[in-house]
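Student:
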Amino acid sequence: MAGSQDTALYNIKKLDGTNFPLWKKKIWHVLVQKKQIKSIKLKGIKQEDMDEDEWSEMDELALSTIMLTLTESVYLNVADEISAYQAWLKLSDLYEKESAASQVYSLKKLVDLKMKEGTPMFNHLNEFNTIYSQLSAQGVKFDEPVRAMFLLITLPKSWDTFRTALSNSAPPDGLNIAGVEESLLTEETNRKTMDKGKGTALVVRGRTKEKYKGGKRNQSRSKSRSAKGMSDIECYHCGKKGHMKRDCRE
Numbered sequence: 716m717a718g719s720q721d722t723a724l725y726n727i728k729k730l731d732g733t734n735f736p737l738w739k740k741k742i743w744h745v746l747v748q749k750k751q752i753k754s755i756k757l758k759g760i761k762q763e764d765m766d767e768d769e770w771s772e773m774d775e776l777a778l779s780t781i782m783l784t785l786t787e788s789v790y791l792n793v794a795d796e797i798s799a800y801q802a803w804l805k806l807s808d809l810y811e812k813e814s815a816a817s818q819v820y821s822l823k824k825l826v827d828l829k830m831k832e833g834t835p836m837f838n839h840l841n842e843f844n845t846i847y848s849q850l851s852a853q854g855v856k857f858d859e860p861v862r863a864m865f866l867l868i869t870l871p872k873s874w875d876t877f878r879t880a881l882s883n884s885a886p887p888d889g890l891n892i893a894g895v896e897e898s899l900l901t902e903e904t905n906r907k908t909m910d911k912g913k914g915t916a917l918v919v920r921g922r923t924k925e926k927y928k929g930g931k932r933n934q935s936r937s938k939s940r941s942a943k944g945m946s947d948i949e950c951y952h953c954g955k956k957g958h959m960k961r962d963c964r965e
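Heads up: take any position in the sequence shown, counting from 1, add 715, and you land on our numbering.
(1) May I ask which residues mark the beginning and end of the alpha helix (DSSP H) holding Gln801?
(2) Going by C-alpha to C-alpha distance, which of Ser821, Asn838, Glu796 and Pro835 sits closest to Asp774?
(3) What residue does the alpha helix (DSSP H) around Ser884 start on, and which one ends it?
(4) Taking only runs that begin and end inside the stretch 822-871, name each unbroken beta strand (DSSP E) of 3 or more residues, in chain order.
(5) Okay, do the stretch 730-745 and the stretch 849-861 touch, 3+ Cβ pairs below 8 Å being the bar?
(6) By DSSP, does Glu757 sit in helix, in strand, or in coil?
(7) Does His744 pass the burial test, meaning 16 or more other C-beta atoms within 10 Å, or should it be called exposed?
(8) Give the DSSP-derived three-state secondary structure of Leu730 in the structure shown.
(9) Do the CB positions of Ser821 and Gln801 come within less than 8 Å of each other?
(10) Assuming Phe877 and Glu896 form a contact by the criterion Cβ under 8 Å, report the distance between their Cβ atoms to the nearest whole angstrom.
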């Protein structure tokens, strides 16, 4: 049971060589939760007051935790490492690239990101923040207003009016990312509510129109029946059909 709970709690994407910055942050917290982080913090050096067996067991568990979050191709690069810290160092040497090339790649992902019409706003915000986290881990960070502007740029054409209104209402110190995200989610909810209202109005309008048409048809039928009935009536005064005695002019 504990194993399955751990899998659910620590369900992080395996390191595949392209996601090292985010993986490194997450696996660090996993090691903290599992009380295995000392192997990394102490750089593989046992404290004098620690029991040898206790240290060895903790280090082996930390190494296992790390290895189980690697894809097969990455695992093969560190398969021979016998300590958690040595595996940690090697992975850092191989994949922790804060070069201009990797920064440009991540920045391009952010610039190219465009929200598709109909995409839930919550999902889009998650995608945007994931890319930004990767950039941040690579040493590329933006001020709050710039980050907020990047987010607004990713919105589709149907959000043009909202984007302009929000930009024009920005405070002197610029937009705040948390405030922009909250505004986007609120606007999405309002739009859904309005769409439902329009749909209800159309249904009611259609029913009213149909009822009106039905009423007119019934009136026509009544008039038709009345006219047909009068043609069979015979006047008792003159003997002609089509009118009654009280209406007779003879």
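For glycine and all other residues, C-beta sits at the position ideal for the given N, C-alpha and C.
Tutor: On the basis of the data shown:
(1) Judged by DSSP secondary structure, Gln801 falls within the alpha helix (DSSP H) whose first and last residues are Ala799 to Tyr810.
(2) Glu796
(3) Neither: Ser884 is in no alpha helix (DSSP H) and is coded neither H nor E.
(4) none
(5) Output reads yes: the stretch 849-861 touches the stretch 730-745.
(6) Here residue 757 turns out to be Leu, not Glu, going by the sequence shown. Of the three classes helix, strand and coil, the one that applies to Leu757 here is coil, per DSSP.
(7) Exposed: under 16 other Cβ atoms inside 10 Å.
(8) Strand.
(9) Taking the C-beta atoms as reference points, Gln801 is found no nearer than 8 Å to Ser821.
(10) No, Phe877 and Glu896 are not in contact; Cβ-Cβ is about 13 Å, not under 8 Å.
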